[in-house]
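Reviewing the structure listed below.
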Amino acid sequence: MLNIVWPIFIIISFSYAIFSGNLEKLNSSIFESASDAVSLSINLLGTMCLWNGIMQVASKTKVIDVLTKFLKPVIHFLFPKIRRNSPVEKEISMNMVANILGLGNAATPLGLKAMKSMQEGNPKKDTLTDSMAMFVILNTASIQIIPTTVIAIRNSLGSENPTAIVFPVWIATICAAIAGITATKIFIRASEKRKH
Amino acid sequence: MEMINFISNLAMPFIILLIVAYGLIEKKKVFDVFLDGAKEGLSIVLSIFPTLVGLFVAIGALRSSGIIDLIVNFLSPVLEIIKFPSEIMPLALLRPISGSSSIAIATDIMKNYGVDSNLGMIASTIMGSTETTLYTIAVYTSCVKIKKTRFVLVASLIADFVGILVSVVVCRFLS
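In order, the protein sequences belong to chains A and B. If you read the first sequence in this note's numbering, its first letter stands for residue 12, the second for the next number, and so on. If you read the second sequence in this note's numbering, its first letter stands for residue 19, the second for the next number, and so on.
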């Protein structure tokens, strides 16, 4: 994707700068932007390491098991076709907990494991099942308690209150997730009707 | 508002406290485990650094060349009708497509208009509440060789759309 977007950005802006006479601005912005990237990354480094360390501790303890327990009713609502107390259910809930905790790196491997388990019971190997579709949607929805990456960026830019966005993020992410889940449920119902 | 700030400020320390306490109770070598994870953080930043440099230059060029203003001016009558801040438009368009470039754009907005400004808050909220939809769908379906993703793209773009709109409305409401 960036192989298309990046050259388009460069070509459009560089040629427009020549036309509009903004060449001087463009020249200084090139080097400014490059060093901006360096200072941001250095600031990001500290917060990123801190959170990955904390989340590593979380994944080694039973904090995750404790949190998984509370998710069961949610999982039964979202995945009515997944058998209770099956390994798939556990994998799905681990992925959800990792997402909620903002453990992006743990969420992806756990999620792919769950996808593989669900694929085993899939009669049409080239098509998503209802449960798999719901699972993918949930993973695109980014439901998390602490948006760590954004807080890290805000902190590195000298925000007076980097965590002030936590509450707005909760509202926005919950609304987005409800929209995604509702749309998925409607699509699933529509495809079931077509079958009958 | 004070309550909101309190909850916002409490969330992170509480979770760190809970996790470290749990590690201690279960007699884990908490600091060693922490270091393992922290090392991983290092490699994440290293892996996104070249992307940041490339995109910062391209986005800096877009801004300094004046073409962003041209596009925003072109779209502004439409955006004004729905009361959507035009400065957020590039972020809203790129967020579902590219994670790294939307981070770069959001950072750019925060830098230029102020981290704690209304626009900075909106950009932060959009980044925190949405995901790189296309990438996620591609990874999750290709790992099990799924070709037909059915309604997944449409449903997740609906979710993104709602998330971005709510981000704008909530930040307006809070400020």
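Virtual Cβ for every residue (Gly too), placed ideally from N, Cα, C.
C-beta neighbour in chain B for residue i, strict 9 angstroms
i	result
S104 (chain A)	no
V68 (chain A)	yes
A144 (chain A)	yes
T160 (chain A)	yes
M107 (chain A)	no
P244 (chain A)	Here chain A has residues from 12 to 207 only, and residue 244 (chain A) is not among them.
G169 (chain A)	yes
F25 (chain A)	yes
K136 (chain A)	yes
M12 (chain A)	Bear in mind that a pLDDT of 43 at M12 (chain A), under 50, signals an unreliable position, so the model cannot answer this.
L123 (chain A)	yes
I182 (chain A)	yes
F10 (chain A)	Here chain A covers residues 12 to 207 and nothing more, so residue 10 (chain A) does not appear.
F178 (chain A)	yes
R165 (chain A)	yes
G132 (chain A)	no
P84 (chain A)	no
I21 (chain A)	yes
I65 (chain A)	yes
F81 (chain A)	no
I157 (chain A)	yes
K101 (chain A)	no
I148 (chain A)	yes
M189 (chain A)	Checking the sequence, you will find Ile at residue 189 (chain A) rather than Met. Yes, its Cβ sits closer than 9 angstroms to a Cβ of chain B.
K73 (chain A)	yes
K206 (chain A)	no
Residue i, buried or exposed, once every other Cβ within 10 Å from all chains shown has been counted against 16
i	result
R205 (chain A)	exposed
P95 (chain B)	exposed
P68 (chain B)	exposed
N130 (chain B)	exposed
G78 (chain B)	buried
P114 (chain B)	buried
A163 (chain A)	buried
F92 (chain B)	exposed
I53 (chain A)	exposed
D141 (chain A)	buried
G169 (chain A)	exposed
A156 (chain B)	exposed
E102 (chain A)	buried
P39 (chain B)	Reading off the sequence, residue 39 (chain B) comes out as Ala, not Pro. With fewer than 16 other Cβ atoms within 10 Å, it is exposed.
V85 (chain A)	exposed
I93 (chain A)	buried
I65 (chain A)	buried
A201 (chain A)	exposed
I197 (chain A)	exposed
M19 (chain B)	Its pLDDT being 47, under 50, M19 (chain B) is placed unreliably in this model, and the coordinates cannot settle the point.
N63 (chain A)	buried
Residue-level contact to chain A via CB, residue i, 9 angstroms cutoff
i	result
I137 (chain B)	Per the sequence shown, the amino acid found at residue 137 (chain B) is Leu instead of Ile. Closer than 9 angstroms: no.
Y40 (chain B)	yes
A173 (chain B)	yes
Cβ distance (whole Å) where residue i is taken to contact residue j below 8 angstroms
i	j	result
I192 (chain A)	L89 (chain A)	7 angstroms
N106 (chain A)	Y158 (chain B)	With a Cβ gap of about 10 angstroms, N106 (chain A) and Y158 (chain B) do not count as contacting.
I21 (chain A)	I33 (chain B)	That belief does not hold up - the Cβ atoms of I21 (chain A) and I33 (chain B) are roughly 41 angstroms apart, past 8 angstroms.
L137 (chain B)	L51 (chain A)	Not a contact, Cβ separation roughly 18 angstroms.
V161 (chain A)	M107 (chain B)	So it is not a contact: roughly 19 angstroms between Cβ atoms.
M139 (chain B)	P179 (chain A)	7 angstroms
R168 (chain B)	L123 (chain A)	Rounded, the Cβ-Cβ distance is 19 angstroms, inconsistent with contact.
I148 (chain A)	A177 (chain B)	7 angstroms
Any non-hydrogen atom of the ligand FMN closer than 8 angstroms to residue i Cβ
i	result
S61 (chain B)	The model depicted lacks the ligand FMN and carries no ligand whatsoever.
Chain D contact for residue i (CB, 9 angstroms cutoff)
i	result
I140 (chain B)	Of the chains in the structure shown, none is chain D; the protein chains are A and B.
Anything in the region 147 to 169 of chain B with a Cβ closer than 9 angstroms to a Cβ of chain A? List those residues in chain order, please. S147, T148, E149, T150, T151, L152, Y153, T154, I155, V157, Y158, T159, C161, V162, K163, I164, K165, K166, T167, R168 and F169
For the region 40 to 58 of chain A, list every residue whose C-beta sits within 7 angstroms of some C-beta in chain B, in sequence order. S40, I41, E43, S44, A45, D47, A48, L51, S52, L55 and L56
Curious, which full-length alpha helix (DSSP H) runs of at least 4 residues does the region 151 to 182 of chain B contain? 151 to 160
Output needed in chain order: residues of the region 47 to 74 of chain B with a Cβ under 8 angstroms from some Cβ in chain A. V48, V51, F52, L53, D54, G55, A56, K57, E58, G59, L60, I62, V63, I66, F67, T69, L70, V71, G72, L73 and F74
May I have a chain-ordered list of the alpha helix (DSSP H) segments no shorter than 4 residues that lie completely inside the region 116 to 183 of chain A? 141 to 151 and 159 to 167
Where in the region 24 to 76 of chain B do unbroken runs of the alpha helix (DSSP H), each at least 4 residues long, occur, reported from the N-terminal end onward? none
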